[in-house]
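The opening residue of the sequence shown carries number 25 in this note's numbering; numbering runs sequentially from there.
As structure tokens, the structure follows; a few thoughts come after it.
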Amino acid sequence: MFDKQFVLGVLVSNHAGVLSRISGLFSRRNYNIDSLNVGVTENPAFSRMTIIARGDDCVREQIVKQLEKLHDVKKVEILPPDETVLREHLLIKIKVKKQTRSEIVESVNIFRGKVVDFNMDSMTVELTGESAKLDAFIRFASEYGIIEMCRAGALAVNRGVTSLSGDEDRFE
25 MFDKQFVLGV
35 LVSNHAGVLS
45 RISGLFSRRN
55 YNIDSLNVGV
65 TENPAFSRMT
75 IIARGDDCVR
85 EQIVKQLEKL
95 HDVKKVEILP
105 PDETVLREHL
115 LIKIKVKKQT
125 RSEIVESVNI
135 FRGKVVDFNM
145 DSMTVELTGE
155 SAKLDAFIRF
165 ASEYGIIEMC
175 RAGALAVNRG
185 VTSLSGDEDR
195 FE
């Protein structure tokens, strides 16, 4: 079996130490986290984690079972790619010259990005989208010179009305 990437949605209690326990679980079992994003939900008592990892079906199921054993984990769900909206966020600072400025701005617009800071020598661009889109923009920007960049972990939610918290009925 080959390792394939998978996305987990994890609903956890929102208090100190939870992230440490979950990352420790991965570390102790020598599983790598490719991407991690954590933030408070619409209910401040809970946080939502989006974890992207790699492994065969056995590894994936083992991770889910181990997470479900943790007291602060309320729900774990494998998010299927065809039923999930998945986005990443990128801030990238690019070297600019007078003669390349308009070309870079035009490309930012094509990628549906936004210039969030600008001066004579650099431009900071904000971009949101799928991983492949961000990778393509990074390749483009590297031709001009990347001063620095920061890429946030992926965010993922189920398509449609279903949710990790299971509160779909509150909208009826």
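By construction, the Cβ of each residue, glycine as well, lies at the ideal position given by its N, Cα and C atoms.
- If you ignore the 5 residues before and after Val140, its C-beta comes within less than 6 Å of the C-beta of Thr148, Glu150, all in its own chain and listed in chain order.
- Annotation: the continuous alpha helix (DSSP H) that includes Val83 extends over 81-93.
- The region 108-128 makes contact with the region 151-163, as at least three CB pairs between them are under 8 Å.
- Arg183 and Gly48 have their C-alpha atoms roughly 30 Å apart.
- Residue state for Asn182 is assigned as strand, using DSSP reduced to three classes.
- In the three-state reduction of the DSSP assignment, Ala160 falls in the helix class.
- Glu101 sits close to Leu188, with the two beta carbons spaced by under 9 Å.
- Contact between Phe30 and Arg84 holds: CB atoms are separated by about 5 Å, below the 8 Å threshold.
- By the Cβ neighbour-count rule, Val64 is exposed, with fewer than 16 other Cβ atoms within 10 Å of its own.
- Per DSSP, the continuous alpha helix (DSSP H) segment holding Ser51 begins and ends at 42-52.
- About 7 Å separates the beta carbons of Lys98 and Phe70, which is inside the 8 Å limit, making them a contact pair.
- Taken through DSSP and simplified to helix, strand or coil, Ser189 comes out as coil.
- Note on geometry: alpha-carbon atoms of Leu60 and Asp80 lie some 19 Å from one another.
- With a cutoff of 9 Å on beta-carbon distance, Lys117 and Ile171 are scored as near each other.
- Boundaries of the beta strand (DSSP E) harbouring Val100: 97-102, taken from the DSSP string.
- Only exposed fits Ile134, as fewer than 16 other CB atoms lie within 10 angstroms of its CB.
- The criterion of a C-beta distance shorter than 9 Å is not satisfied by Ile76 and Val34.
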